[in-house]
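**Q**
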Amino acid sequence: MAKEPQDASAGAAPGKPAAKRKKEFKKKRERKTVPHGLACIQATFNNTIVTITAPDGRAVCWSSAGSIGFKGSRKGTPYAAQQASMAAAGVARDQYGMKSIEVRVKGPGSGRESAVRALASAGLHIVHIKDVTPVPHNGCRPPKRRRV
86 MAKEPQDASA GAAPGKPAAK RKKEFKKKRE RKTVPHGLAC IQATFNNTIV
136 TITAPDGRAV CWSSAGSIGF KGSRKGTPYA AQQASMAAAG VARDQYGMKS
186 IEVRVKGPGS GRESAVRALA SAGLHIVHIK DVTPVPHNGC RPPKRRRV
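Take the position in the sequence shown, starting the count at 1, then add 85; the result is the number in the working numbering.
Right under this line is the structure:
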């Protein structure tokens with residue numbers, strides 16, 4: 086049985102193009118203003134990650150030295166931490182209207198102080214700074230000594 090080719094405009098009236106559906110526009114979701122927030126700075130030897138959250142814990146914005154564009158060993162520098170902190174603070178201040186911030190610093194990295202100073206210089210009022218670096222109370226057994 087041979088099939089006959091069907092015309093694409095068989096359903097439409099002759100001489101008129103097929104009717105287009107109306108586009109449905111979704112409302113843009115308004116960003117809520119968060120006047121007070123919490124900045125979590127994780128400073129490792131290889132990178133610095135800055136996460137700014139609302140007081141209830143949901144992340145508002147974040148930045149890291151790697152996401153700014155630093156590669157390799159330059160991600161662990163204080164300058165890279167400063168740039169990452171400025172980027173996150175700028176988004177929090179401009180898009181969410183953040184004014185004051187609490188800072189929690191975790192880790193032994195070299196970008197600890199410079200990240201906190203960058204938050205202050207970006208126009209955010211720092212309420213208090215807390216060090217939340219985890220310290221073992223002789224819990225886990227350390228790895229065995231390296232033999233070279």
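C-beta: ideal position from N, C-alpha, C; glycine also.
(1) Is Lys160 helix, strand or coil when you go by DSSP?
(2) With DSSP run on the structure shown, which of helix, strand or coil describes Ser195?
(3) Helix, strand or coil for Asp216 per DSSP?
(4) Measuring only the C-alpha atoms, how far is Ile137 from Ala174?
(5) Could you tell me whether the segment 144 to 155 touches the segment 200 to 220, using the rule of 3 or more Cβ pairs below 8 Å?
(6) Can you give me the start and stop residues for the beta strand (DSSP E) that Gly79 sits inside?
(7) Give me the DSSP bridge partner(s) of Ile134.
(8) Run the CB neighbour count on Lys163, radius 10 Å, all protein chains shown included, and call it buried at 16 or more, exposed below.
(9) Measure the C-alpha to C-alpha separation of Gly182 and Val176 and round it to an integer number of angstroms.
(10) Kindly indicate which three-state DSSP category Val233 falls into: helix, strand or coil?
(11) Look up Arg202 in the DSSP assignment and say whether it is helix, strand or coil.
(12) Assuming Thr133 and Ala172 make a contact with CB atoms under 8 Å, what is their CB distance in whole Å?
(13) Which word fits Arg197, buried or exposed, when buried means at least 16 other C-beta atoms lie within 10 angstroms of its C-beta?
(14) Could you tell me which of His222, Arg178 and Ala205 sits nearest to Thr118, measuring between CA atoms?
(15) Using DSSP's beta-bridge definition, name the partner residues of Val190.
**A** Working from what's here:
(1) helix
(2) coil
(3) strand
(4) 8 Å
(5) no
(6) In this structure the chain extends from 86 to 233, so residue 79 is not present and cannot be described.
(7) Gln127 and Ser149
(8) Checking the displayed sequence, the identity of residue 163 turns out to be Pro instead of Lys. Pro163 should be labelled buried.
(9) 9 Å
(10) coil
(11) helix
(12) That belief does not hold up - the Cβ atoms of Thr133 and Ala172 are roughly 11 Å apart, past 8 Å.
(13) buried
(14) Arg178
(15) Ile126 and Asp216
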